[in-house]
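Chains as they are written, first to last, in the numbering used here: chain A, 1 to 504; chain B, 505 to 847. The beta carbon of each residue, even a glycine, is placed where N, CA and C say it ideally should be. For clarity, every value in this text was computed on a predicted model and none was experimentally measured. A short worksheet on the structure shown next.
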Amino acid sequence: MGNQALLSLKGIYKGFPGVKALQNVDFQLQSGEIHALMGENGAGKSTLIKVLTGVYTKDEGEIFLEGQEVSIRSPQDAQHLGISTVYQEITLCPNLSVAENMYIGRSDDMLQNWKKMNEGATKMLESLDIPAKATQQLGSCSIAVQQMVAIARAVDMDCKVLILDEPTSSLDDQEVQKLFKLMKELRGRGVGIIFVTHFLDQVYEVCDKITVLRDGKLVGEYEIKELPRLQLVSKMLGKELDDLSDIKSSDASGETAKQGEVLFEAEGLSSTEGIKPFDFYIRKGEVNGFTGLLGSGRSECVRAIFGADRVVSGSMKKNGKTIKINKPIDAMKNGIGYLPEDRKIDGIIGDLSVRENIILALQVMKGFFKPFTKAQANAFADEYIKTLSIKTASADTPIKSLSGGNQQKCILARWLLTHPDYLILDEPTRGIDVGTKVDIQKLVLKLASEGMSVTFISSETDEMLRTCSRMIVMRDRKVVGELTGEDLTQNKIMSTIAGGEAKS
Amino acid sequence: MEKVSTKLKNMTDTNLLLTITIVVFILMYIGAVLFQGKGFTKPQAFFNILNNNAALIILSCGMSIVMITGGIDISVGGVTALVSMCCAVYLDYHNGNVAVSMLIALLIGLAYGLVQGFLVAYLDIQPFIVSLAGMFFARGMTTIVNTNPFNVENADFVALKETRIIIPGMGSVNKLGKYVDAYVEIGVVIALIVVIAMFILLRWTKLGRSFYAVGGNKQSALMLGINVKRTKFLSHMICSTLAGIGGYVYFLHVGSGAATHAQGAEMNAIASSIIGGTMLTGGVGNIIGTFFGVLSLSTIKDIVSSAGLDQAWWTGITIAAMLCIFLVIQSVVMARKKRAIRK
Ligand SMILES: Nc1ncnc2c1ncn2[C@@H]1O[C@H](COP(=O)(O)OP(=O)(O)O)[C@@H](O)[C@H]1O
Ligand SMILES: [Mg+2]
Chain A
1 MGNQALLSLK
11 GIYKGFPGVK
21 ALQNVDFQLQ
31 SGEIHALMGE
41 NGAGKSTLIK
51 VLTGVYTKDE
61 GEIFLEGQEV
71 SIRSPQDAQH
81 LGISTVYQEI
91 TLCPNLSVAE
101 NMYIGRSDDM
111 LQNWKKMNEG
121 ATKMLESLDI
131 PAKATQQLGS
141 CSIAVQQMVA
151 IARAVDMDCK
161 VLILDEPTSS
171 LDDQEVQKLF
181 KLMKELRGRG
191 VGIIFVTHFL
201 DQVYEVCDKI
211 TVLRDGKLVG
221 EYEIKELPRL
231 QLVSKMLGKE
241 LDDLSDIKSS
251 DASGETAKQG
261 EVLFEAEGLS
271 STEGIKPFDF
281 YIRKGEVNGF
291 TGLLGSGRSE
301 CVRAIFGADR
311 VVSGSMKKNG
321 KTIKINKPID
331 AMKNGIGYLP
341 EDRKIDGIIG
351 DLSVRENIIL
361 ALQVMKGFFK
371 PFTKAQANAF
381 ADEYIKTLSI
391 KTASADTPIK
401 SLSGGNQQKC
411 ILARWLLTHP
421 DYLILDEPTR
431 GIDVGTKVDI
441 QKLVLKLASE
451 GMSVTFISSE
461 TDEMLRTCSR
471 MIVMRDRKVV
481 GELTGEDLTQ
491 NKIMSTIAGG
501 EAKS
Chain B
505 MEKVSTKLKN
515 MTDTNLLLTI
525 TIVVFILMYI
535 GAVLFQGKGF
545 TKPQAFFNIL
555 NNNAALIILS
565 CGMSIVMITG
575 GIDISVGGVT
585 ALVSMCCAVY
595 LDYHNGNVAV
605 SMLIALLIGL
615 AYGLVQGFLV
625 AYLDIQPFIV
635 SLAGMFFARG
645 MTTIVNTNPF
655 NVENADFVAL
665 KETRIIIPGM
675 GSVNKLGKYV
685 DAYVEIGVVI
695 ALIVVIAMFI
705 LLRWTKLGRS
715 FYAVGGNKQS
725 ALMLGINVKR
735 TKFLSHMICS
745 TLAGIGGYVY
755 FLHVGSGAAT
765 HAQGAEMNAI
775 ASSIIGGTML
785 TGGVGNIIGT
795 FFGVLSLSTI
805 KDIVSSAGLD
815 QAWWTGITIA
825 AMLCIFLVIQ
835 SVVMARKKRA
845 IRK
């Protein structure tokens with residue numbers, strides 16, 4: 001091995017409308033190493049891979065393979081250069097057979113040799129213990145098998161660079177071990193492997209190096225030995241460990257809440273969105289929150305509570321009585337309000353007026369065939385426009401012409417109007433100006449002191465530390481810890497996310 | 505029952521739909537023989553179905569290929585009319601040569617494929633829109649080339665048109681007690697060659713498999729290293745070229761040029777493909793199925809007309825009913841299969 005990198009990407013830029021997915025990212029891969037590419041969801045890992053394999057065209061930057069600049073315009077080009085890839089989404093053709101999926105697009109022969117292909121595929125399937133027949137239609141295999149077929153295809157190619165983008169997400173432990181064995185074998189043969197996963201354990205089990213991305217920017221490249229888990233998490237989150245700026249003002253509301261009675265309880269809740277069953281409770285007048293890396297299942301938990309996703313198991317109690325929540329309206333009738341994560345998709349109805357948007361939830365509860373009178377509606381709207389100081393020309397203005405922060409307040413008003421005794425706020429402060437952020441946090445604390453229970457989720461850990469008296473920590477769609485009182489610190493949260501005792 | 509469901513599970517969608525098509529065709533033909541009697545028992549009745557539909561078989565093969573790739577081409581009827589008219593005008597008004605007229609047909613098809621394929625594959629325009637424009641253009645051009653319909657009198661051409669290929673041993677005795685040989689026209693031979701060639705293309709070549717891959721999932725096909733644009737382009741090239749050939753076969757069968765020729769042929773081709781087990785959503789289909797699809801379609805038409813219901817609307821209604829029945833059978837069987845898989 002010389003000191004020349006097998007693959008190197010320099011100054012890569014890639015933008016999508018409204019998003020800068022990659023900004024000046026460098027990446028280097030040596031032959032015979034397994035290189036983890038880490039970052040939160042949306043950090044740009046998959047985009048970097050797709051730029052590298054020609055699925056997306058980069059806006060700027062250079063790619064060198066074995067020291068030679070290469071131009072890769074399509075996945076076909078990438079394959080020809082010896083880069084084989086397993087993409088995050090399964091990218092096989094469900095209508096073709098397993099064997100065809102393993103071999104199609106790989107050679108320039110004109111003719112299809114079914115016999116040879118099926119034999120080759122059968123051998124490969126056997127050696128990897130994949131429970132599928134070569135001639136079976138791919139669409140009739142389970143997702144895990146499809147994932148294994150994609151891996152089999154990639155490793156069967158005589159490649160120099162192997163890219164695996166979250167290949168383990170649908171595999172069980174045994175299959176993962178098989179994959180790791182394979183990866184180590186290939187490493188021995190001098191193949192460079194880029195491995196993306198959100199399981200930290202797996203990174204420390206097989207990888208040699210780690211490159212961290214955050215918000216489309218390169219954070220750095222590290223030897224695995226030099227980067228303990230805790231620091232890796234802090235790099236991914238972009239928070240320094242000894243960040244002491246979060247001095248929490250101990251407010252009375254947190255104390256009283258500890259004694260309050262339990263308002264809402266859930267046991268063994270899980271939904272179709274793949275969160276592990278979790279238990280949850282909230283006391284009267286308490287503010288608690290879910291924290292974890294993006295994509296760790298925070299939103300999915302509250303969506304399950306509200307019935308926004310289909311709940312598959314678990315029971316719920318409110319004020320000690322068992323309740324059933326199958327769809328959002330059930331939750332609303334039980335006095336639960338939910339402000340969704342993405343107000344553009346789930347929240348506002350852009351063309352309706354501020355007034356109509358505000359009374360919407362109450363109207364739904366009352367039933368659409370019993371509309372409010374104009375005077376009633378106006379009274380409701382005006383009251384909340386005043387109390388939340390929503391900046392709008394009038395109650396008749398279409399909501400889409402308001403700024404993001406004011407739209408958010410309207411939706412908040414919508415839920416307050418229903419007088420819930422339990423309010424769930426999922427990222428209420430995302431994408432709004434600092435002033436309004438503080439307003440919303442103050443409002444949350446005020447509501448709690450008046451006896452409302454609030455679950456507050458935010459990507460800004462500071463905000464959560466400021467408002468929540470109890471935090472539930474999630475990792476890989478599982479609740480992994482709960483922090484209260486003294487433990488509510490940035491460091492403690494990170495070490496819980498990283499898992500195990502922090503031994504930095 | 506157990507066995508049936510595992511069989512179902514292991515069969516590819518394409519083969520499953522093909523089986524349905526063939527079984528239904530055979531049942532239908534038996535039904536025709538039983539209820540309509542004599543007419544259908546003569547081998548010539550079957551050969552006549554081929555003679556009358558050779559062109560449609562060729563058009564449908566092309567249609568199936570674009571449909572498998574996930575596209576559609578509704579210009580094939582227009583191209584047929586254009587080919588007939590151009591060749592007719594060339595042969596009669598310009599005293600042309602038959603071989604050259606064939607070349608003209610082929611060139612019209614190729615030109616159509618080139619333009620439509622380019623627009624669909626490289627400029628990413630909806631194939632429906634592109635071929636809709638293509639259809640109007642072809643019909644318009646046909647009228648510009650010559651407004652009035654007329655029969656071709658070119659001697660060589662007429663000789664070729666009248667050529668009958670005798671099928672030994674299949675003849676029958678007619679009303680006057682005379683033995684008449686069974687025959688097919690030249691078009692049928694061409695159609696069968698096309699069917700076999702396209703079957704081989706789809707089954708045994710990399711290009712053929714790419715059609716399925718692109719139709720199954722365009723994005724995946726791209727990531728699997730298939731040149732999606734080129735594949736789409738070629739599917740249109742093949743379809744339009746076959747439209748050129750099919751157009752000539754049609755011309756050879758009717759022996760005239762007219763702007764109204766092959767009216768609705770594209771819809772019959774689509775219907776035949778669907779009956780033959782090609783899915784409009786792409787990725788599933790088989791040329792043998794398409795062949796039987798055409799036969800089913802025309803058998804049904806024959807049954808209707810021999811029952812004395814040969815007004816246009818009766819034919820329309822029966823075809824509609826038949827399409828519905830096929831689609832229902834297909835979706836029921838597919839749903840069963842999905843259930844078998846989930847278990
Ligand atoms: N095809 C696309 N169109 C628009 N935005 C995209 C597209 N693909 C990714 N993005 C955006 O680019 C960012 C990076 O996404 P991605 O690379 O998938 O992240 P990761 O794989 O690290 O989770 C995200 O903000 C995402 O929304
Ligand atoms: Mg990704």
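*A/HIS198, DSSP secondary structure in three states*: coil
*Measure the alpha-carbon distance for B/MET850 versus B/ILE562 and round it to whole angstroms.*
In this structure chain B extends from 505 to 847, so residue 850 of chain B is not present and cannot be described.
*With respect to 8 angstroms, is the separation between the Cβ of A/PHE16 and the closest non-hydrogen atom of ligand 1 below this value?*
When distances are taken from the beta-carbon of A/PHE16 to the heavy atoms of ligand 1, the shortest one is below 8 angstroms.
*For B/PHE737, decide whether its Cβ has a neighbour in chain A, counting only Cβ atoms nearer than 9 angstroms.*
no
*Please indicate yes or no: does the CB of A/GLU341 lie closer than 8 angstroms to some heavy atom of ligand 1?*
no
_Within chain B, the residues that A/GLU69 reaches when beta carbons sit closer than 7 angstroms_ = Chain B residues near A/GLU69: none, gap ~22 angstroms exceeds 7 angstroms.
*Closer than 9 angstroms by beta-carbon distance: list the chain B residues that pair up with A/MET124, in chain order.*
Neighbours of A/MET124 on chain B: none; closest Cβ ~16 angstroms, over 9 angstroms.
_N-terminal and C-terminal residue of the alpha helix (DSSP H) that B/HIS757 is part of_ = First-last of the alpha helix (DSSP H) with B/HIS757: 732–758.
_Beta-ladder partner(s) of A/LEU164, from DSSP_ = Per the DSSP secondary-structure output, A/LEU164 pairs in a beta bridge with A/VAL86, A/PHE195.
*Entirely within the segment 515–551 of chain B and at least 3 residues each: give me those beta strand (DSSP E) ranges in chain order.*
Taking only runs of at least 3 residues, no beta strand (DSSP E) segment lies wholly in the segment 515–551 of chain B.
_Could you tell me the alpha carbon to alpha carbon distance between A/ALA5 and A/GLU66, rounded to whole angstroms?_
The alpha-carbon separation between A/ALA5 and A/GLU66 amounts to approximately 6 angstroms.
*Beta-carbon of B/TYR727 versus every beta-carbon of chain A: anything under 9 angstroms?*
According to the sequence displayed, residue 727 of chain B carries Met and not Tyr. Yes - at least one Cβ of chain A is within 9 angstroms of the one on B/MET727.
*asked:* Spatial neighbours of A/GLY54 within its chain, please: C-beta separation below 7 angstroms, excluding the five flanking residues on both sides.
replied: ILE72, ARG73, SER74, PRO75, ASP77, ALA78
_Following a CB-centred definition, is A/SER296 positioned closer than 8 angstroms to any heavy atom of ligand 2?_
Every heavy atom of ligand 2 is 8 angstroms or more from the Cβ of A/SER296, so no.
*Measure the CB-CB distance between A/ILE440 and A/LEU237 and report whether it falls below 9 angstroms.*
no
*C-beta neighbour in chain A for B/SER724, strict 9 angstroms*: yes
*Return the CA-CA distance between A/GLY32 and B/ILE749, expressed in angstroms with no decimal places.*
Each residue's alpha carbon lies about 56 angstroms from the other.
*asked:* By the DSSP assignment, the alpha helix (DSSP H) with B/ARG713 in it spans what residues?
replied: From DSSP, the alpha helix (DSSP H) with B/ARG713 extends over 710–720.
*Measuring only between beta-carbons, confirm whether A/TYR338 sits less than 9 angstroms from chain B.*
no
*Can you tell me the Cα-Cα spacing of B/THR745 and A/SER169, whole angstroms?*
47 angstroms
_Quick check: what's the CA-CA separation for B/ILE648 versus B/LEU680?_
Straight through space, the alpha carbons of B/LEU680 and B/ILE648 are spaced by roughly 47 angstroms.
*Under 6 angstroms from any heavy atom of ligand 1, by CB: list those residues in chain order, please.*
A/PHE16, A/VAL19, A/ALA21, A/GLY39, A/ASN41, A/GLY42, A/ALA43, A/GLY44, A/LYS45, A/SER46, A/THR47
*asked:* Looking at ligand 2, does it come within less than 8 angstroms of A/ASP215, judged from the CB to the closest heavy atom?
replied: no
*Specify the secondary structure class of B/LYS665 as computed by DSSP and reduced to three states.*
DSSP places B/LYS665 in helix when its eight states are reduced to three.
*Please say whether B/LEU521 and B/THR457 have beta carbons closer to each other than 9 angstroms?*
No answer is possible for residue 457 of chain B: it lies beyond the span of chain B, which begins at 505 and ends at 847.
*Under 9 angstroms between the Cβ atoms of A/MET471 and A/THR484?*
Their beta carbons are under 9 angstroms apart, which means A/MET471 touches A/THR484 by this criterion.
*Which residues in the same chain as A/ASP242 place their Cβ atom closer than 7 angstroms to its Cβ, once the five residues preceding and following it in sequence are excluded?*
Its pLDDT being 49, under 50, A/ASP242 is placed unreliably by the model, and nothing is read from it.
*asked:* Quick check: the Cα distance between B/ILE730 and A/LEU48, rounded to an integer number of angstroms?
replied: Their backbone Cα atoms lie some 21 angstroms apart in a straight line.
*Do we get a CB-CB distance below 9 angstroms when we pair A/TYR56 with the residues of chain B?*
It does not; no Cβ of chain B falls within 9 angstroms.
_Could you check whether the Cβ of B/ASP517 sits closer than 9 angstroms to any Cβ belonging to chain A?_
yes
*Interface residues of chain B around A/GLN137 at Cβ under 7 angstroms?*
What A/GLN137 touches in chain B: THR516, ASP517.
*ligand 2 heavy atoms versus the CB of B/GLU689: any closer than 8 angstroms?*
no
*Per DSSP, what kind of secondary structure is B/PHE641 in: helix, strand or coil?*
helix
_Counting only Cβ pairs nearer than 9 angstroms, list the residues of chain B close to A/MET576._
Nothing in the structure corresponds to residue 576 of chain A, since chain A is present only between 1 and 504.
*Pair within 9 angstroms by beta-carbon distance, A/GLY335 and A/ASP421*: Yes; because the gap between Cβ atoms is below 9 angstroms, this pair is in contact.
*Who does A/GLN137 pair with in a DSSP beta bridge?*
A/SER97
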